[in-house]
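Protein sequences appear in the order of chains A and B. According to the working numbering, the first sequence is numbered sequentially starting from 182. According to the working numbering, the second sequence is numbered sequentially starting from 182. Inspection log for the structure reproduced underneath, given as structure tokens.
Number of protein chains: 2
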Amino acid sequence: MRIPKHLAVIPDGNRRWAEDNGMTRDRGYHSGLNPGVEVFKLCQKHGIEELTFYGFTADNTKRPTIQRLAFTKACIDAVELLTKEDAELLVIGNTDSKMFPEELKPFTNTRKKFGKGGTKVNFLVNYDWKWDINNLNNEEKKAINPIELLKSKDISRVDLIIRWGGRRRLSGFLPLQAVYSDFFIVDDYWPDFSPDHFISALDWYNVQDITLGG
Amino acid sequence: MRIPKHLAVIPDGNRRWAEDNGMTRDRGYHSGLNPGVEVFKLCQKHGIEELTFYGFTADNTKRPTIQRLAFTKACIDAVELLTKEDAELLVIGNTDSKMFPEELKPFTNTRKKFGKGGTKVNFLVNYDWKWDINNLNNEEKKAINPIELLKSKDISRVDLIIRWGGRRRLSGFLPLQAVYSDFFIVDDYWPDFSPDHFISALDWYNVQDITLGG
């Protein structure tokens, strides 16, 4: 079976899940923590080498403050949970902004190994594709691979993106690493994660004809 | 009904269609010409202001020569057909390469109006996302909107992408203009185009919650 080397997760639908379950919209993010750990463990089990979570973006910070505080806390908690695993963590995002949580700054400069390491995990926090791309402006040298000049250069090309919550869009997710990614949509909301979603995505990926644009 | 301002078409599946119809794989592209004109006319009818066709990429030119010649000819023929319509045409792609057809060079520097003009049509020919992005390296000024520094800067942000041929990937399509695009997949091959595909895509787009990353 062909396994993606690098899987990305867009964990959407937290606010709609909260509403459907009789809560205010800010209350869904917390229920996305266990799914994140489950996905991590499934990646370990299936030999996926790199996993990227789309935490939150600069665009998302325009949401009501109560939501922003909730999703920011959820990202901090998620990274904390991953530090208890055998993982190599890197957080990427615009740290010059007040929207970037102090607690996660220690994870941003270099990838840090926890436990026995192994699976690389990237967490996008206060990510902004315009901020990421603008680094190309600052470099005097061209690169054969433009990804090398991005702020997100330590995140490699993505093979498979799984998006929960039913939307069929990238929402600004790593435009250059996603150029050839296969895209699998789960209509269920992220807090309603089930391992079946993950397995279906891998089964589907296995039968795609991967041509890298050729 | 909410209509996309800018629609992009990825007309894939020509080679599989040819095989399914008992022809060699290079023979499908020619049957993609009428669908292109039909899509153009549907855009006029529905008030879509800008339409982008994904012709071929630098990656595609690695295919067997007989296929490359066939899809190149199909793009030349398609642009020629569109010059008979009320359209404002622009061809974008790497003209420094031998892979770029001479016949289309007159369409590349500025948008040209045909008939009464109206619908803007962009045709990507020998397009290469790395070539497009590398222009950011050459500019000394930053731009608030990085799209302004691309080689493809005259192509605006895309609202809706319809991809025929069943693949769920962008295949290097305009990474920065596609950051927030909604993505509708038609499993049928492009030469099996039907107006129903187009209408289904518009109906689906109409019920999407457009947040531009918010």
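Glycine included, each C-beta is placed from N, C-alpha and C at the ideal position.
Selected residue, minimal CA-CA separation from residue i, among the options
{"i": "Glu-266 (chain A)", "options": "A:Lys-226, A:Phe-365, A:Tyr-370 and A:Asp-240", "result": "A:Lys-226"}
{"i": "Asn-202 (chain A)", "options": "A:Tyr-370, A:Asn-326 and A:Val-190", "result": "A:Tyr-370"}
{"i": "Tyr-210 (chain B)", "options": "B:Ile-273, B:Ile-325, B:Asp-313 and B:Trp-198", "result": "B:Trp-198"}
{"i": "Val-367 (chain A)", "options": "A:Lys-186, A:Ile-191, A:Ile-184 and A:Pro-185", "result": "A:Ile-191"}
{"i": "Val-388 (chain B)", "options": "A:Val-388, A:Gly-394, A:Arg-348 and A:Tyr-386", "result": "A:Arg-348"}
{"i": "Ile-184 (chain B)", "options": "B:Trp-345, B:Asn-315 and B:Tyr-386", "result": "B:Tyr-386"}
{"i": "Phe-221 (chain A)", "options": "A:Gly-299, A:Leu-331, A:Gly-346 and A:Leu-351", "result": "A:Gly-299"}
{"i": "Glu-200 (chain B)", "options": "B:Pro-372, B:Thr-392, B:Ile-391 and B:Asp-384", "result": "B:Pro-372"}
{"i": "Met-280 (chain A)", "options": "A:Thr-242, A:Lys-297, A:Asn-290 and A:Ile-247", "result": "A:Thr-242"}
Interface flag, residue i vs chain B, CB-CB below 7 angstroms
{"i": "Phe-281 (chain A)", "result": "no"}
{"i": "Asp-363 (chain A)", "result": "yes"}
{"i": "Pro-327 (chain A)", "result": "yes"}
{"i": "Gly-274 (chain A)", "result": "no"}
Other residues of its chain near residue i: CB distance less than 8 angstroms, five sequence neighbours each side excluded
{"i": "Phe-295 (chain A)", "result": "Leu-263, Thr-264, Lys-265, Glu-266, Asp-267, Ala-268, Glu-269 and Leu-270"}
{"i": "Asp-309 (chain A)", "result": "Thr-238, Ala-239, Asp-240, Gly-274, Asn-275 and Gly-353"}
Within-7 angstroms CB hit, residue i to chain A
{"i": "Leu-357 (chain B)", "result": "yes"}
{"i": "Val-360 (chain B)", "result": "yes"}
{"i": "Gly-296 (chain B)", "result": "no"}
Contacting residues, own chain, Cβ-Cβ under 6 angstroms from residue i (five flanking each side not counted)
{"i": "Ile-342 (chain A)", "result": "Ala-189, Ser-362 and Phe-364"}
{"i": "Ala-382 (chain B)", "result": "Ile-343 and Phe-365"}
{"i": "Phe-304 (chain A)", "result": "Phe-234, Gly-236, Val-260 and Val-272"}
{"i": "Pro-282 (chain A)", "result": "Thr-253 and Ile-257"}
{"i": "Leu-331 (chain B)", "result": "Asp-313 and Asn-316"}
{"i": "Lys-186 (chain B)", "result": "Glu-230 and Asp-340"}
{"i": "Pro-374 (chain A)", "result": "This sequence places Phe at residue 374 (chain A); Pro is not what is there. Cβ neighbours of Phe-374 (chain A) beyond the five flanking positions: Pro-216."}
{"i": "Arg-196 (chain A)", "result": "Arg-206 and Gly-209"}
Residue burial classification, residue i (beta-carbon count within 10 angstroms, cutoff 16)
{"i": "Lys-301 (chain A)", "result": "buried"}
{"i": "Met-182 (chain A)", "result": "exposed"}
{"i": "Lys-311 (chain A)", "result": "buried"}
{"i": "Asn-307 (chain A)", "result": "buried"}
{"i": "Ser-212 (chain B)", "result": "buried"}
{"i": "Leu-250 (chain A)", "result": "exposed"}
{"i": "Gly-217 (chain B)", "result": "buried"}
{"i": "Pro-287 (chain B)", "result": "exposed"}
{"i": "Gly-228 (chain A)", "result": "exposed"}
{"i": "Asp-277 (chain B)", "result": "exposed"}
Chain-order list of residues whose beta-carbon lies under 7 angstroms from that of residue i (same chain, five-residue window excluded)
{"i": "Leu-355 (chain B)", "result": "Ser-333, Ile-336 and Val-339"}
{"i": "Pro-327 (chain B)", "result": "Leu-317 and Leu-357"}
{"i": "Leu-223 (chain A)", "result": "Pro-376 and Phe-379"}
{"i": "Gly-125 (chain B)", "result": "Because chain B in this structure spans residues 182 to 395, residue 125 (chain B) falls outside the shown range and cannot be described."}
{"i": "Leu-351 (chain A)", "result": "Ala-359"}
If contact means a Cβ-Cβ distance below 7 angstroms, which residues of the stretch 298-319 of chain B contact chain A? Trp-310, Lys-311, Ile-314, Asn-315, Leu-317 and Asn-318
What residues in the stretch 344-355 of chain A bring their beta carbon closer than 7 angstroms to a beta carbon of chain B? Arg-349, Arg-350, Leu-351, Ser-352 and Gly-353
Give, in chain order, every residue of the stretch 223-254 of chain B whose Cβ lies closer than 8 angstroms to some Cβ of chain A. Thr-238, Asp-240, Asn-241, Lys-243 and Arg-244
Members of the stretch 194-223 of chain B near chain A, C-beta cut-off 8 angstroms: none
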